[in-house]
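Step one of this worksheet: look at the structure below.
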Amino acid sequence: MEFSRRTFLKGAVLGGAGFSTLGFDLTPVYAQTQSLKISRASETRSTCPYCSVSCGVIIYTLGDKAKNAIPQVVHVEGDPDHPINRGTLCPKGSSLEQDILNDRRLLKPQVRRPGGTDWEDIAWEQAYAEIAQRVKKTRDDSFIEKDASGKTVNRCETIGFTGGCTDTNEFNYLVVKTMRSLGVCYLENQARV
Amino acid sequence: MTNGWIDIKNTDMMLIMGGNPAENHPCGFKWPIEAKLHRNAKTIVVDPRLTRTAATADLFLQIRAGSDIAFLGGLIHYAVENNRIAHEYLVNYTNAALIIKDKFKLPDDGLYSGFDPERKTYDKSTWNYEEGGDLTGKPVEPTPAKQYEQPAPHPAAKRAVPAVPPPPALPPKTAFDLSLQHPRCVFQLLKKQYERYTPEMVERITGIPKDQFLKAADMFTSVRKDGDMKKVATIIYAVGWTQHSFGTQIIRTAAMLQLLLGNVGRAGGGVNALRGHSNIQGATDMAGVFDILPGYLKVPTPADTDFAAYLKRITPNPAKPDPWDSFNYWSNTPKFAVSFLKAMYGPSATKENDWAFNYLPKADRNYSWVNLWNEMYEGKVKGLFAFGMNGVMIGPDSQKNIDALKKADWLVVCEIYPDETSEFWRAPGISADEMKKINTTVYRLPGAGFAEKDGTFVNSARWLQWKNVALPPPGQARLDQEILATIFLNVRELYRKEGGKFPDPILNASFAYTNPYNPSLTEMAKEINGKALADLTDPKTSVTIKAGQQLPGFSWLKDDGTTLSGNWLYCGSWTEAGALTQRRGTEDPSGLGIYPNWAWSWPMNRRVLYNRASCDLNGKPWDPSRRQVWWDEAKQSWVGNDIPDFKADSPPKDHMGPFIMNPEGVGRLFVPLGAMADGPFPEYYEPIESPIANVLHPNQSNNPVVKKYKTDADKYGTVDQGYNVICTTYRLTEHYHYWTKNNPMNVQLVPEPFVEVPAELADRMGIRGGEKVKVTSARSHYIAKAMVTRRIRPMKIDGKETFQIGIPIHWGFRGIAEDEDKTAKTLTNQLTPTVIDPNAYTPEFKGFLVKIEKV
Amino acid sequence: MSTAIDRFDDKTRGAFGQIGQTEVYEGELLRHRVYTRFLHWMVALFFFLALFTGFGIYMPWLFRWFTPIFGGGPLSREMHPWFGLGFVIFFGLQALNWIKPMTWTAADTKWMVNLRKIIGGQEKMEPPDTGFFNGGQKMQFWEIASGCIVYLITGMILWFGARVFGRWAVAVSYVLHDISALIMLGGIFIHIYLSTIGQSGTFQAMIRGAVSEAWAWTFHPAWYKQVTGRDPVGACEEARRKASAK
Amino acid sequence: MSDRKTLQIKQISGHSGPAAGFDMQRDYEVCKLIDTTICIGCKACEVACVEWNDMPFTPTTFDNTYQTMPSTSYHFWNLIKFNEHQREDGTVQWLMRKDQCMHCADPGCLRACPADGAIVQYTNGIVDFQQENCIGCEFCVSGCPYDIPKFNPATKKVYKCTLCSDRVGQGLEPACIKACPTGCLKFGSKDDMKFIAEERAKQLRENFGFEKAGVYDPQSIGGTHVVYVLHDAENPERYGGLPKNPVIPWSYTVWKWLFKPVLGTFALFGLLGVLLHYVTVGPRRAQPEPPIKERES
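Residue numbers (my numbering), protein chains in the order written: chain A, 142 to 334; chain B, 104 to 958; chain C, 463 to 708; chain D, 390 to 686.
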């Protein structure tokens, strides 16, 4: 059946060609494809921040990292060398470009004062200073050096720290160093839940 | 994961349960698919819903959420009954032959021996091995308890003056019966324990029809048909097992099943936890949680009056049958602990001041997640940092968390998107007047996204992989490490100027970074790996490491202060050869998917844990086609395609156990003493909110050691109150927690929240797909559109028709859809109960009771 | 029914007669009223708009040069159905206007039989029973009328597309639409030819609305007789005599 | 241009027959293999497609399904169709099929398209729309057996999957193929894909109990450059309306390849006829005419 169908097609083609006074020209046989949008972008190898498969991703940014060019992401694709994902990405990983380049990103420090009904802008240095004062006051107000039975405990039970799932090991180490040094016991992380 | 993502391709049989890898780990799921394609591997999926994982399964069983132990216990019963067990493995690599104290009692009534009903805790002294020798073939009589010699304490422990009698310890020489016939040997106890988990019982509890259960049981245990050891089965799970009031015990049941079948340590085997996030494995390794210090060192308690006491408590001694050997790797704990304190406090940690041990807070109770919010709700916790953590959304009982934050003095949020936690004060339902009464000061600091930071993540397979910076943070956003370090150094400056309560640890925390206000993660990573503080020489090989050089591995760590290491597990990740976490070698000579030169995995680049167990007693691989490691007689050493997770020069004849992190050296079917809060064997308990009383022991329906919270916010529902539908929560593949609701691409894929409702239930209630429904629990309610589906079927639980529904967790009150008013702005976790697993302290997000109605 | 149409036609004819005017000079007859002429040219305008946009769709490789007038190929395609709709509406009004004179009669059949002689130029005068419209004109009228119905149906199917009507309806409509257009196109060539250079004196009938009496007795003798009461052959002979007398 | 190759054209819409000299260069046919039996409906391909092609986001609404939208759209060329199929024994099979252009060997769209160069078929089998030549007539929509070409009312042109001809032309695999986590999507030569597909179908029949498993590569349109492995190749309709025997309406074939040029010529004959009439017979005049002075023969 296939043969006869193809024969028919060929016949039709020839028939058409017979009338190709109305359609015959030597249109270029090659079509130049659209240029590849990432062909000159900078490549950065990274790791997807979502699940624990840790897919390798390549972040393509605009510019060749020359000083005057501020890189902006143009595309994110899987890293074909990565042994686990081998270039594949899930729908979340595939949409990482919109995670990096997203108009909902927070861009400046803000504070909500007691009783406030909206955010107020605050300078970084001001925020740091206020936070440090609050941390110190809260700690000093409640620090437990010895428990009821007289054992040294050196606890600060009134401050909690909750860490996120995308905090790097190095950052988490800094958390342990700073928070344990403050005496924080309520040190928890997405890892728990 | 004991194994790794790629390793799953080596399996012959998969049980995927309590997890939905196709949806939550799609790129990892390619490896189960590879096993299917290239090994004809079969997949059994057990889940409350027909998920996208189940869509590819060879056998799908719909289970009642939370009844997993009954199912797995049934599998154990089936394997034992049908002799589908790995006998040699069982006898030699597990504690099946070890004999348990005669006072130990199995929980026929739901309680093990030693329960204290008032404190709701166990006295676990009977959960221990009998001391003695080889009882194989000997008459079965209870051996008299006798005083055994205390193990030699660690040198540092000599100064310890115990104020209270020491807690019971494992006997150094355990009694054993290699014929597994002794009625009190672990195997016989296990057999007895799971005798009650018959297929009929499984059907009553789980709702899985008996014939389907038997089909699954036959399929899964078929890898050990006729005692053949070549085939391997794997178990893959995720938080569908963790998030229960008995979550840890579900996982233990799976581990026991795998030990029975001899699947642990083998390529294509193991018990594989699919962690849900990019770096919560790392966060656990690095002790982002209250109960540990980096590298799983136990957190100090007030009883650890000095460093020696602490070491004595946390350093185990070998406990094994006398003829066997045990590596007992945790005996190196003092080296890890001292090196950690040196990393924390540098020169301020000296032998004289107990390595600054007192700088560390001593935890005397549970400071875990739910307790944190509970204490804040009670007004005790005054300040909270949230770095990329949306505690309001995560719950459980989100409303309680919102109300808790109202009582805090201050909240510092570092985020990249506007989130519910930082905006708790304007959560839906809070009026302008109420808002003015909320006195919490909230700082919201713009942090950096993943592409803007470097550093390492640890994946589920324990791989540490360095990622590079692609672009700078936008606007005024700053790097998280800069924010945290600057806050800390500002606090330090205040203490330096003004003094205050116990400023020593703050002033002396080692911050010798090039730019302490913005420490580079490279420097942090090198410090985590550790370096020599003095010239070190290995007496065996005469290799020397100069002071200041990076350490090549944790075997170099010392307990005399001459080494420093932020986390012993990661020691070896950034050596003098550079960052091994940045390696990009793509070669895999064995074809087993080991990729030894890609990045670096803990411990010491081993890709499959306990891989000694992949060989028989003589050190030959069980399956010659999947050779991971083996004993090389000529070299008198363990060699292989993977790094042997074993003492390299311990010959098979020494019978050293492959489970080197256990004092026994063998895998634990029975968990002695205090490692588990709720029993040495898993026992089936009902979820806190359950439609039926426990069929096994109606008088002890729930996990006996689980405590409910007692504030006015903590409410628990029953069927009598009308909460007659079982509800489970989950993620969708198109979304990631509370993050992608800010990503228009993902919002496009799944634009709105929904509730999955079985078609039969929908018919009964007159609900049609797309109509809004209200789901109410004892805590609160949730409103979303109904997805009416046949993928969830009605089920018979103990003969009673029961329905389950499911709710994805992704929507809150800030997000693209939310800001466009396309959702009801209710949070899934407003429904979930405040109850936690007694071992891992994880909340019971799955399997709680609700009622459902049309809006 | 017909009375309603008559009333409508009378009303609009009257209204258009107020707007414009037709001057009939000595020796001339009123051929087409303002309303008729207006409709004709509207039909013609929309026909050509639809034709040119249609060409761009029918054979873009040949007629692409038409498309920039309408803003390019896609806009040509977008406008085409609207032009077509205009054509159909105006032609519909014209059909109402002309439905009576266009009614087919025995004379038309006779005319058709005689067609070869007329084309060949052997018969200088139309048969004496040729009325206001001859058989050829009526045939074209009814061809266009039926073409319009085909256009309307197939055009709607093509306009709303496969999503509404299914792909087979579109695929068939496409062919019918094109065939209808090609037939009409062939007819239009003849129509234009005969109304301009092919038959002198005709064009003014649609421009000024008046024709010479000679034109009338030559091409539409029965109509001439009807409006003047004189015998067309006699009138022609009289004119011939007058001319040769000069 | 310096790149190794551009794509060689085999057929061009609006032109009958193959493009002149289309066999100037050797080429093999490419093919996308979609194994529905290991598709997990994760939609990575959907996202990869939207991302690579920089398409805007479509507002969607919940419609009692996991499916992103009812059908592909002009800026959503790749859609997984979700279907719940209840087997005779009452159990439910959840079928997922990636829907996109099938890149037919005999493309109905190309046959229907009147615009020259608006649709081209490369010798490697990719059927590509060249929007600069598209006139938005939407005939391709009806020519397609798979409801793939979609009209964008803003640009008034039609769009569909290009099989990432820009990537393939540069030696890369299509974006969806690269993203697919489970490898249910594969890309390579048609021969290789057919081989892998048949092997997989055999494996499904022999080892996994899918007795009707088979490969979808419909010969009624000369085969496609996207082939499916189906659990049940006898009922492709279950997978979101995959036609068992896709056909191109005969009217396009007959009309476009034969009668259209012929009838077009006939229409021109009308013009020719009147011209000949004028120069031979001459115009008709109102009688009486002026006397004839002289007449040729």
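Positions of the beta carbon are idealized from the N, C-alpha and C atoms, including for glycine.
Q) DSSP three-state call for C:G479: helix, strand or coil? A) Mapped onto the third sequence, residue 479 of chain C falls at position 17. If DSSP states are grouped into helix, strand and coil, C:G479 belongs with the helices.
Q) Using a C-beta to C-beta distance shorter than 9 Å, which residues of chain B count as neighbours of D:D452? A) Looking up residue 452 of chain D in the fourth sequence gives position 63. D:D452 reaches chain B at G872, G873, counting residues in chain order whose Cβ is nearer than 9 Å.
Q: Keeping to the same chain, check which residues put their C-beta closer than 8 Å to that of C:F500; ignore five residues upstream and five downstream.
A: Walking along the third sequence from the start, residue 500 of chain C turns up at place 38. Excluding the 5 residues flanking it on each side, C:F500 has same chain C-beta neighbours closer than 8 Å at F478, G482, in chain order.
**Q.** Inter-residue CB distance, B:G915 and B:E523 (contact presumed, cutoff 8 Å)
**A.** Taking the second sequence and counting its residues from 1, the one referred to as residue 915 of chain B is at position 812. Taking the second sequence and counting its residues from 1, the one referred to as residue 523 of chain B is at position 420. That pair is a contact at about 4 Å.
Q. Would a C-beta distance cut-off of 9 Å place B:L660 and B:F439 closer than the cut-off?
A. Here residue 660 of chain B corresponds to residue number 557 of the second sequence, with the count starting at 1. Here residue 439 of chain B corresponds to residue number 336 of the second sequence, with the count starting at 1. In this structure, B:F439 lies closer than 9 Å to B:L660 by Cβ.
Q) Does the beta carbon of A:C189 sit closer than 9 Å to a beta carbon anywhere in chain D? A) Here residue 189 of chain A refers to the residue found at position 48 when the first sequence is read from its first residue. No - not a single Cβ of chain D is within 9 Å of the one on A:C189.
Q | CB contact flag (A:C231, D:C431, <9 Å) | A | Taking the first residue of the first sequence as position 1, residue 231 of chain A is located at position 90. Taking the first residue of the fourth sequence as position 1, residue 431 of chain D is located at position 42. Contact: yes.
Q) How would you list, in chain order, the residues of chain F whose beta-carbon sits under 9 Å from the beta-carbon of B:E478? A) Although the question refers to chain F, the structure presented lacks it and instead comprises the protein chains A, B, C and D.
Q: Could you name the residues of the same chain whose beta carbon sits closer than 6 Å to that of B:R187, not counting the 5 residues immediately before and after it, in chain order?
A: Within the second sequence, the letter at position 84 stands for residue 187 of chain B. Excluding sequence neighbours, B:R187 sits near T324, R327.
**Q.** Stretch-stretch touch, CB-based, cutoff 8 Å, three pairs: the region 938-946 of chain B with the region 466-485 of chain B
**A.** The region 938-946 of chain B, when compared against the region 466-485 of chain B, does touch it at the 8 Å Cβ threshold.
(Q) To be precise: take each residue of the region 253-264 of chain A, compare its Cβ to all Cβ atoms of chain D, and keep it if any distance is under 8 Å. Which residues remain? (A) Cβ proximity to chain D below 8 Å picks out nothing from the region 253-264 of chain A.
Q: Starting from the beta carbon of D:Q556, find every residue of chain A whose beta carbon is closer than 8 Å, and list them in chain order.
A: Looking up residue 556 of chain D in the fourth sequence gives position 167. Correcting the residue type first, residue 556 of chain D is Arg in the shown sequence and not Gln. Going along chain A in sequence order, the residues near D:R556 (Cβ under 8 Å) are L177.
Q: Note down, in chain order, every chain C residue with its Cβ under 9 Å from the Cβ of D:K549.
A: Translated into the one-based positions of the fourth sequence, residue 549 of chain D becomes position 160. Neighbours of D:K549 on chain C: none; closest Cβ ~14 Å, over 9 Å.
Q. In whole angstroms, what separates the C-alpha of C:A506 from that of C:D468?
A. Position 44 of the third sequence, counted from the start, is the residue given in the question as residue 506 of chain C. Position 6 of the third sequence, counted from the start, is the residue given in the question as residue 468 of chain C. Their backbone Cα atoms lie some 24 Å apart in a straight line.
Q) Just checking, does the region 254-264 of chain A make contact with the region 532-551 of chain B on the three C-beta pairs under 8 Å criterion? A) Cβ pair count under 8 Å is three or more, so yes.
Q: State yes or no: is the beta carbon of B:T114 nearer than 9 Å to at least one beta carbon in chain A?
A: By 1-based counting over the second sequence, the position of residue 114 of chain B is 11. Not closer than 9 Å to any Cβ of chain A, the Cβ of B:T114 fails to qualify, so no.
Q: Could you list which residues in chain A have their beta carbon closer than 7 Å to that of D:V436, in chain order?
A: Working through the fourth sequence from its first residue, we reach residue 436 of chain D at position 47. What D:V436 touches in chain A: P232, S235, S236.
Q) Can you name the residues of chain C whose CB is closer than 7 Å to the CB of D:V663? A) Within the fourth sequence, residue 663 of chain D is the residue found at index 274, counting from 1. Among the residues of chain C, those whose CB is under 7 Å from the CB of D:V663 are F651, I652, Y655, G660, following chain order.
Q. If you draw a straight line from the C-alpha of B:A680 to the C-alpha of B:Q284, how long is it?
A. Your numbering for residue 680 of chain B matches position 577 in the second sequence. Your numbering for residue 284 of chain B matches position 181 in the second sequence. About 53 Å.
**Q.** Distance, D:D478 Cα to B:L508 Cα
**A.** As a first step, residue 508 of chain B is located in the second sequence; it is residue number 405 there, counting from the start. As a first step, residue 478 of chain D is located in the fourth sequence; it is residue number 89 there, counting from the start. Spanning the two alpha carbons is a distance of roughly 52 Å.
Q: Go through its chain and collect everything with a Cβ distance to D:R556's Cβ below 8 Å, but skip five positions before and after it.
A: Taking the fourth sequence and counting its residues from 1, the one referred to as residue 556 of chain D is at position 167. Excluding five sequence positions before and after D:R556, the CB atoms of its chain that fall closer than 8 Å to its own CB belong to W441, E562, P563, A564, given in chain order.
Q) Exposed or buried, which one is B:W344 when buried takes at least 16 other CB atoms within 10 Å? A) Along the second sequence, one-based indexing puts residue 344 of chain B at 241. That one is buried.
Q) Leaving out the 5 sequence neighbours to the left and right, which residues in its chain are closer than 8 Å to B:F316 when beta-carbon positions are compared? A) Taking the second sequence and counting its residues from 1, the one referred to as residue 316 of chain B is at position 213. L164, F174, G177, P302, V305, E306, T309.
Q | Run of the beta strand (DSSP E) containing A:H216, from where it starts to where it stops | A | Your numbering for residue 216 of chain A matches position 75 in the first sequence. If you look at A:H216, you'll find it in the beta strand (DSSP E) that goes 214-219.
Q. Which two residues bound the contiguous alpha helix (DSSP H) that contains B:D851?
A. If you number the second sequence from 1, residue 851 of chain B lands on position 748. According to the sequence provided, residue 851 of chain B is Gln. The question's Asp does not apply to it. B:Q851 -> alpha helix (DSSP H) spans 847-852.
(Q) I'd like the span of the beta strand (DSSP E) that includes B:R547, first residue to last. (A) Taking the first residue of the second sequence as 1, we reach residue 547 of chain B at position 444. In the DSSP assignment, B:R547 falls within the beta strand (DSSP E) that extends over 544-549.
Q | Residues that DSSP places opposite B:C718 in a beta bridge | A | Your numbering for residue 718 of chain B matches position 615 in the second sequence. Answer is B:P724.
Q. Hey, which unbroken runs of the beta strand (DSSP E) at 3 residues or more fall wholly within the region 417-479 of chain D?
A. Counting only runs of 3 or more, we get 419-424, 468-475.
Q: Counting only the same chain and skipping the five closest in sequence on each side, list residues whose C-beta sits under 6 Å from that of C:D591.
A: In the third sequence, the residue the question calls residue 591 of chain C occupies position 129. Answer for C:D591: A569, A684, listed in chain order.
Q) Is the Cβ of D:N522 closer than 9 Å to any Cβ of chain C? A) For the purposes of this step, residue 522 of chain D is taken as the residue at position 133 of the fourth sequence. For D:N522, at least one C-beta of chain C is nearer than 9 Å to its own C-beta.
(Q) Looking at chain D, is there any beta carbon in it that lies within less than 9 Å of the beta carbon of C:D640? (A) As a working note, residue 640 of chain C is residue 178 in the third sequence. So yes, C:D640 belongs to the interface.
Q: Just the C-alpha distance for B:V342 and B:K145, rounded to the nearest angstrom, thanks.
A: Along the second sequence, one-based indexing puts residue 342 of chain B at 239. Along the second sequence, one-based indexing puts residue 145 of chain B at 42. Their Cα atoms are separated by approximately 23 Å.
Q: Drop a sphere of 10 angstroms on the beta-carbon of C:W604, count the other beta-carbons inside from all chains shown, and report buried for 16 or more, exposed for fewer.
A: Numbered from its first residue, the third sequence carries residue 604 of chain C at position 142. So C:W604 ends up on the exposed side.
Q: Starting from the C-beta of A:R296, find all residues in its chain whose C-beta is less than 7 Å away, skip the five residues before and the five after it, and write them out in chain order.
A: For the purposes of this step, residue 296 of chain A is taken as the residue at position 155 of the first sequence. Excluding its 5 nearest sequence neighbours in each direction, A:R296 has C-beta neighbours in its own chain below 7 Å: I285, G324, C326, listed in chain order.
Q: Write down the C-beta distance between B:I912 and B:I955 rounded to the nearest angstrom, noting that I regard them as a contact closer than 8 Å.
A: The residue labelled residue 912 of chain B in the question sits at position 809 within the second sequence. The residue labelled residue 955 of chain B in the question sits at position 852 within the second sequence. Rounded to whole angstroms, the Cβ separation of B:I912 and B:I955 is 17 Å, and the two are not in contact under 8 Å.
Q: Starting from A:R103, trace the beta strand (DSSP E) both ways and give me its first and last residue.
A: Outside the displayed span of chain A (142 to 334) sits residue 103 of chain A, for which this structure offers no information.
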